[in-house]
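Notes to accompany the following structure.
Numbering (the working numbering), first residue to last: 297 to 437.
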């Protein structure tokens, strides 16, 4: 029972990644792709001139769009996903996982108590969070 409770109390902040980029919504697609490959980012947060989040885009999404003929000079705002769902950093990881399943999404931007995005939670992060906790508990036992 203690093991199950320990896994259930795992928070989003313990599993999220902070390896993502931020770009202005007027940045051309080719610049965003270059930044993503150079910095090994899988996703980029798209913000306006005031730094307010406007969307999210993944490397897979962008490369598909470009391969289908979208101009690489288009501003990223035309291709990003604008209806983004976020999660609080102290939310239980199981709740975030359920949210991702319910909405059929692979990423959740993570906000701190001030409403600022401080990370991104991916499906892989969720799996790694749970398996890392199980491994630590196994070693403890």
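Ideal Cβ positions, reconstructed from N, Cα and C, are used throughout, including at glycine.
The three-state reading of DSSP puts residue 414 in strand, counting E and B together. For residue 398, the number of other beta carbons within 10 angstroms of its own is below 16, and it is reported as exposed.
The Cβ atoms of residue 413 and residue 349 lie closer than 8 Å to each other. With 16 or more other Cβ atoms inside 10 Å of its own Cβ, residue 421 counts as buried. Residues of the same chain with a CB within less than 6 Å of the CB of residue 355, apart from the 5 flanking positions on each side, are 332 and 338 in chain order.
According to the DSSP assignment, residue 320 belongs to the beta strand (DSSP E) that extends over 317-320. Residue burial annotation: residue 376 is buried, with at least 16 other C-beta atoms found within 10 angstroms of its C-beta.
Assigned with DSSP and collapsed to three states, residue 384 falls in strand.
The alpha-carbon of residue 340 is positioned some 10 Å away from that of residue 372.
Around the beta carbon of residue 400, fewer than 16 other beta carbons sit within 10 angstroms, so the residue counts as exposed. As the crow flies, the alpha-carbon of residue 409 is around 8 Å from that of residue 385.
With a threshold of 16 other beta carbon atoms within 10 Å, residue 425 meets it and is buried.
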